[in-house]
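Asker: Submitted below is the structure of interest, expressed as structure tokens.
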Amino acid sequence: MAANEEHRMLQDLVAKFVDRELIPLEPAVLKREANGGKLGLSDEERAPLLAKCKELGLWGLDSPEEFGGANLPVEALALVNEELGRTAVPFIFPPDSPNLHMMMQVASPFQKERYLEPYARGEALSCIAISEPGAGGDPAGMTTRAVPDGDDWVINGRKIWVSNVPQSDFIILMARTGEGKRQEGVTAFIVEKGAPGFIIEREIQMIGGRRTYELVFEDLRVPARQVLGQVGQGYAPMQLRLNVRRIEMAAKLIGMSRRAMQMMIEHVKQRVTFGQKLADRQAIQWWIAEGATKMHACRLMTHNAARTLDAGGDVRGEASMIKVYSTEMAQEILDNAMQAFGAMGMTKELPLQVMANQVRVMRIYEGPTEVHRMSLARRILKEGI
Amino acid sequence: MKLLVPVKRVVDYNVKVRVKADGTGVETANVKMSMNPFDEIGVEEAVRLKEKGVATEIVAVSCGPAACAEQIRTALAMGADRGILVEHDGVLEPLAVAKLLKALVAKESPDLVILGKQAIDDDMNATGQMLAALLGWAQGTYASKIEAADGGLLVTREVDGGLERIQLKLPAIVTTDLRLNEPRYASLPNIMKARKKPIENVKPADLGVDVTPRLTVLKVAEPPTRQAGKKVASVAELVDKLRNEAKVI
């Protein structure tokens, strides 16, 4: 059987899961968020979903087979993410894997057994702390410092914008261990939940239903066996995963755009203003034509990059293009859909506002749009087109 | 017990069907195609019979263009053991499909054939009954429940005004109704396993069946669009319109 036939069946499976299991939960999830709660599933809602995922094998989709995963190519992951993007219900098939591939590259046998295996099985959660109040995308300003002391490292400093902290069993903490420009001299440490000196300073409410945390480290002692990878070379393994993340994000944005377009199309065909259907007005028709064209372009770019990456190619330039294009496409489509819905589009009853805010956040994380444009331009000016 | 389960490739039930501009049929190019939902219920029932230990082997069959392999593969991912594609690019009428299935029955010797009661494309509701007649087998159509009983099958049928239970001797034909079961999702591990299951490719000529159409489609047209309703000011006006415009009273 051709791989794409398998992918088609996988996409069908995920589409059914989204339609039958996730979208029915959307009104309750949106209502809680509108009433000041967190945008998320309750434990009672999540447990049966996780059981269903186990039953359907929607578990460890990008984990290696040795951890019971499906080890799917990036192209298949793009299809999965497009379907998941169609709902404002935040859900990912376990394990939450951004750190997985980083750890697989460099984890020691001790770390594999203690951290990676439970994580890959979906039994443990993790997060990663990189940014600091004075140092975001550029690590040159990083001041969190780890100093060797006997068999341990002692860490002092502060991190910000870290997601998923309270749920995490361990965090990957980037700290300076030596001098150097930009990324040189930065080491990755695994820090366990509840370690003395690891302080969750505050919770920060973000738009799009997200929460992040500011963390403080005060004489936090970390045993040397919890150094992830080589001392002074913490960045390289982390960057391995960035291209996949960007492709997955773009696919998710295509899914969000698809939902917004579908909602808009359904609405404009029946909504009449001043004696005419919205669908008969040119302004609306152009939104629809532009939106469909951009989605098509974005899907082609995303799948092309996924295939190139699956074949072992370099997609750094394409990944930047996709990151910029997909976020701007989705922002425009969601904004147009909200506009077409009029006052209804401004309510918290529709998923559009949550998605629009999520897209707004996505223009910042995994590299702000301007940084991607800058690095793309530099690359093109140097290498030509 | 060996089962034969035919599965038809049809326009997906979510797709709004459009008539071709020249009126020769409906548009199927660039349209999402899926397994006929009643056939999906048939595959699910077959897999349940196998899980209960009643059935031993499930063979999924599809008649039509090469792309029908997709629907066979979906059946394999749901739990069928192997597939047969009867490849033919032209029109296949119910009688032609029934004859092809009869030839496959002769080849495969199943004890039971489970078909959808109808396909959602042309809604013929004919193939199962024709196959039963051609084979001279017992048939239980519109099944909402199938149980193994006394070496045969006890089939609950949805009929006008209620349910009818009939006892079938094997071999037999069953056609599925909507409420027989809810088909499962094909799980990811089973999608992967389906890759290794064999699909045999045959042509109608290999089975000695002439599938030349016997019917000529004159024209396919969309139903007329509904006219907008009218508001009337009084009962008198309503009665007047019913009598003189609509001419129904």
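Chains A and B supply the protein sequences, listed in that same order. In this text, residue positions in the first sequence follow this note's numbering: the first is -10, and each later residue adds one. In this text, residue positions in the second sequence follow this note's numbering: the first is 37, and each later residue adds one. Every residue gets a Cβ at the ideal spot worked out from N, C-alpha and C, and that includes glycine.
Measuring straight from C-alpha to C-alpha, what distance separates E93/B and P155/A?
Answerer: Sequence index remark: in the second sequence, residue 93/B carries index 57 (1-based). Sequence index remark: in the first sequence, residue 155/A carries index 166 (1-based). The C-alpha of P155/A is placed about 51 Å away from the C-alpha of E93/B.
Asker: Step through the CB atoms of chain B and report whether any lies within less than 9 Å of the CB of D1/A.
Answerer: Residue mapping note: residue 1/A aligns to position 12 of the first sequence, counting from 1. True, the Cβ-Cβ gap to chain B drops below 9 Å.
Asker: Using only alpha-carbon positions, find the residue among L105/A, F82/A, R368/A that is nearest to M92/A.
Answerer: For the purposes of this step, residue 92/A is taken as the residue at position 103 of the first sequence. The candidate whose alpha carbon is nearest that of M92/A is L105/A.
Asker: Counting only beta-carbon atoms, is V7/A nearer than 9 Å to chain B?
Answerer: Sequence index remark: in the first sequence, residue 7/A carries index 18 (1-based). No - not a single Cβ of chain B is within 9 Å of the one on V7/A.
Asker: Ends of the alpha helix (DSSP H) at G176/B?
Answerer: On the second sequence, position 140 is the one that residue 176/B refers to. It is not in any alpha helix (DSSP H) - G176/B instead sits in the beta strand (DSSP E) that spans 174 to 185.
Asker: Does the beta-carbon distance from A240/A to N70/A come in below 9 Å?
Answerer: Position 251 of the first sequence, counted from the start, is the residue given in the question as residue 240/A. Position 81 of the first sequence, counted from the start, is the residue given in the question as residue 70/A. Against a cut-off of 9 Å, the Cβ pair of N70/A and A240/A comes out as a contact.
Asker: Whose C-beta lies closer than 6 Å to the C-beta of A96/B among residues of the same chain, with five residues either side of it excluded?
Answerer: The residue given as residue 96/B occupies position 60 in the second sequence. Cβ within range, chain order: V41, V43, I108, A111, A116, G119.
Asker: Check whether the region 34 to 52 of chain A and the region 183 to 192 of chain A touch, using three or more Cβ-Cβ pairs below 8 Å as the test.
Answerer: no
Asker: Can you give me, in chain order, the residues of the region 104 to 131 of chain B that have a beta carbon less than 7 Å from any beta carbon in chain A?
Answerer: E106, R109, T110, A113
Asker: Please state if the CB of K27/A and the CB of G375/A are separated by a distance shorter than 9 Å.
Answerer: Outside the shown range of chain A (-10 to 374) lies residue 375/A, about which nothing can therefore be said.
Asker: Since E(-6)/A meets chain B, which of its residues come closer than 7 Å, beta carbon to beta carbon?
Answerer: Looking up residue -6/A in the first sequence gives position 5. Near E(-6)/A (Cβ distances below 7 Å), the residues of chain B are E106, R109.
Asker: Could you list which residues in chain B have their beta carbon closer than 9 Å to that of E44/A, in chain order?
Answerer: Locating residue 44/A in the first sequence gives position 55, where the first residue counts as 1. Residues of chain B passing the Cβ test: Y221, S223.
Asker: So for A222/B, helix, strand or coil by DSSP?
Answerer: As a working note, residue 222/B is residue 186 in the second sequence. It is coil, neither helix nor strand.
Asker: I need the straight-line Cα distance from E44/A to A222/B, nearest angstrom please.
Answerer: Position 55 of the first sequence holds residue 44/A. Position 186 of the second sequence holds residue 222/B. Using only the alpha carbons, I get a separation of about 10 Å.
Asker: Hey, how far is the Cα of G61/B from the Cα of L365/A?
Answerer: Residue mapping note: residue 61/B aligns to position 25 of the second sequence, counting from 1. Residue mapping note: residue 365/A aligns to position 376 of the first sequence, counting from 1. Rounded to the nearest angstrom, the two C-alpha atoms are 50 Å apart.
Asker: In the DSSP assignment, the alpha helix (DSSP H) including S70/B goes from what residue to what residue?
Answerer: Along the second sequence, read from residue 1 onward, the residue named residue 70/B stands at position 34. That residue, S70/B, is in no alpha helix (DSSP H); its beta strand (DSSP E) goes 69 to 71.
Asker: Rounded to a whole number of angstroms, what is the C-alpha to C-alpha distance between V67/B and R75/A?
Answerer: For this step, residue 67/B is matched to residue 31 along the second sequence. For this step, residue 75/A is matched to residue 86 along the first sequence. Linking V67/B to R75/A through their CA atoms gives a straight-line distance of about 20 Å.
Asker: Over the uninterrupted alpha helix (DSSP H) stretch that includes S315/A, give me the two end residues.
Answerer: Counting from one through the first sequence, the residue named residue 315/A turns up at place 326. Looking at the DSSP string, the run of the alpha helix (DSSP H) that includes S315/A is 305 to 329.
Asker: Kindly indicate which three-state DSSP category E338/A falls into: helix, strand or coil?
Answerer: Stepping through the first sequence from its first residue, residue 338/A is reached at position 349. Looking at E338/A - three-state DSSP - the assignment turns out to be coil, as it is neither helix nor strand.
Asker: Alpha carbon to alpha carbon, what distance is there between N88/A and N232/A?
Answerer: On the first sequence, residue 232/A is found 243 positions in, with the first residue counted as 1. On the first sequence, residue 88/A is found 99 positions in, with the first residue counted as 1. Straight-line Cα distance between these residues: approximately 13 Å.
Asker: Out of A179/B, L189/B, L170/B, T248/B, point me to the one whose CA is closest to G126/B's CA.
Answerer: Within the second sequence, residue 126/B is the residue found at index 90, counting from 1. Taking the Cα of G126/B as reference, the smallest distance to any Cα among A179/B, L189/B, L170/B, T248/B is reached at T248/B.
Asker: Below 8 Å, how does it come out for the region 142 to 152 of chain A and the region 202 to 215 of chain A: are there three or more Cβ pairs, yes or no?
Answerer: yes
Asker: Using a Cβ distance threshold of 8 Å, determine whether the region 101 to 120 of chain A contacts the region 53 to 65 of chain A, with at least three qualifying pairs required.
Answerer: yes
Asker: Which residues in the same chain have their Cβ closer than 6 Å to the Cβ of R260/A, if we skip the five residues on either side of it in sequence?
Answerer: Looking up residue 260/A in the first sequence gives position 271. Same-chain partners within the cutoff: L267.
Asker: Taking R279/B as the query, report the chain A residues whose CB atoms sit under 9 Å from its CB, ordered along the chain.
Answerer: Looking up residue 279/B in the second sequence gives position 243. Residues of chain A passing the Cβ test: none, with the nearest at roughly 32 Å.
Asker: Tell me the rounded alpha-carbon separation between V284/B and M284/A.
Answerer: Taking the first residue of the second sequence as 1, we reach residue 284/B at position 248. Taking the first residue of the first sequence as 1, we reach residue 284/A at position 295. Near 52 Å, if we compare the C-alpha coordinates of M284/A and V284/B.
Asker: For the putative contact between I182/B and V191/B, defined by C-beta atoms under 8 Å, what is the C-beta separation to the nearest angstrom?
Answerer: If you number the second sequence from 1, residue 182/B lands on position 146. If you number the second sequence from 1, residue 191/B lands on position 155. Contact flag correct, Cβ pair sits at about 6 Å.
Asker: Assuming contact is defined by CB atoms lying nearer than 9 Å, are Q215/A and I179/A in contact in what I supplied?
Answerer: Here residue 215/A refers to the residue found at position 226 when the first sequence is read from its first residue. Here residue 179/A refers to the residue found at position 190 when the first sequence is read from its first residue. Yes, the pair counts as a contact, with Cβ atoms nearer than the cut-off.
Asker: Are the CB atoms of L2/A and I227/B nearer to each other than 9 Å?
Answerer: Stepping through the first sequence from its first residue, residue 2/A is reached at position 13. Stepping through the second sequence from its first residue, residue 227/B is reached at position 191. Result yes, Cβ atoms of L2/A and I227/B sit closer than 9 Å.
Asker: Under three-state DSSP, which class holds Q94/A?
Answerer: Counted from its first residue, the first sequence places residue 94/A at position 105. In this structure, Q94/A counts as helix in the three-state DSSP scheme.
Asker: May I ask you to report which of helix, strand or coil DSSP gives G223/A?
Answerer: Here residue 223/A is taken as the residue at index 234 of the first sequence, counted from 1. Looking at G223/A - three-state DSSP - the assignment turns out to be coil, as it is neither helix nor strand.
Asker: DSSP state of V350/A, grouped into three classes?
Answerer: As a position in the first sequence, residue 350/A is number 361, starting the count at 1. Note: V350/A maps to helix in three-state DSSP.
Asker: If the cut is a Cβ gap below 8 Å, which residues of chain B does A268/A touch?
Answerer: Taking the first sequence and counting its residues from 1, the one referred to as residue 268/A is at position 279. Those within 8 Å of A268/A in chain B number zero; the least Cβ separation is about 15 Å.
Asker: Measuring alpha carbon to alpha carbon, tell me which residue in L167/B, K277/B, K153/B is nearest A139/B.
Answerer: Numbered from 1 along the second sequence, position 103 holds the residue referred to as residue 139/B. Ranking the options by Cα distance to A139/B, first place goes to L167/B.
Asker: Between V275/B and chain A, is any beta-carbon pair separated by less than 9 Å?
Answerer: The residue labelled residue 275/B in the question sits at position 239 within the second sequence. Output row for V275/B: interface = no.
Asker: Check each candidate in F206/A, E317/A, A249/A and name the one with the smallest Cα separation from V350/A.
Answerer: Residue 350/A sits at position 361 when you count from the first residue of the first sequence. Answer by Cα proximity: E317/A.
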